[in-house]
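If you count by the working numbering, then the sequence shown holds residues 498 to 676, one letter each, in order.
So the structure is just underneath, and the comments pick up after that.
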Amino acid sequence: MFTVLAILPEGFEELEAVAPIDLLRRAGVEVTVAALGETIHVTGRNALTMHADTTLTAVGERLFDLLFLPGGPGVKQLRADPRVRSAVLRHHKAGRWLAAICAAPTVLHDAGLLDGRRYTAHFSVAAELPAILADERVVIDGRLLTSRGAGTAVDFGLLMVEKLVSPETAQEIARSICA
């Protein structure tokens, strides 16, 4: 079974987190939702509180097939936390998938992983990401997946399913949800 780690900081963008997590779980992927803080209850930017499976501290240095970072105002916390940078670099070094949506590609930029790569992100961080492909909904470059924002969350989740599981599974799920 494939594994995904989704890290949720306070202020995460709910749609960007929930849609991909839902689609991955429909595909039979084991998704571990880890709160960045020390409690498993994490409140998003729109006041929806999610009950995470665990905390990032409890995850430790475990490797997953894919590391997923949602966007939203909470990206500031992801960028400031050295454990997140360490997890990103550890997964990259191990040849695992990295997925970031909205403002979260800035975390990959901070880790030095976007140089010479194709990527997209939310227009609000375009000044920090000079090579952004602003018109692309989702971009894949090697084992790096990026997406623009909440409006592209379903496309992004289906891309994760396609790359982790299979194109057929992604198509089947897309049909089942009328995507």
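Heads up, the beta-carbon is just placed ideally off N, CA and C, and yes, glycines get one too.
Values in this document were obtained by computation on a predicted structure and should not be read as measured data.
Please work out which residues of its chain come closer than 6 Å, Cβ to Cβ, to residue 651, disregarding the five sequence neighbours upstream and downstream, and give them in chain order.
Closer than 6 Å at Cβ, skipping near neighbours: 516, 676.
Taking all protein chains shown into account, do 16 or more other C-beta atoms lie within 10 angstroms of the C-beta of residue 504, making it buried, or fewer, making it exposed?
With 16 or more Cβ atoms within 10 Å of its Cβ, residue 504 is classed as buried.
Please report the residue range of the beta strand (DSSP E) in which residue 638 lies.
Counted as a single uninterrupted DSSP element, the beta strand (DSSP E) harbouring residue 638 occupies residues 635–638.
Residues sharing a beta bridge with residue 547, DSSP
BP columns for residue 547 point to 539.
Enclosing alpha helix (DSSP H) for residue 520 [first to last residue]
Counting along the chain, the alpha helix (DSSP H) containing residue 520 begins and ends at 511–523.
With burial defined as no fewer than 16 other Cβ atoms inside 10 Å of the residue's Cβ, what is the status of residue 598: buried or exposed?
By the 10 Å Cβ count, residue 598 comes out buried.
May I ask which residues mark the beginning and end of the beta strand (DSSP E) holding residue 598?
594–598 is the span of the beta strand (DSSP E), which, as asked, contains residue 598.
Does the CB of residue 670 have a neighbour CB from chain C at under 7 Å?
Of the protein chains in the structure, only one exists, and it is not chain C.
Where does residue 507 sit, in a helix, a strand or coil, going by DSSP?
Looking at residue 507 - three-state DSSP - the assignment turns out to be coil, as it is neither helix nor strand.
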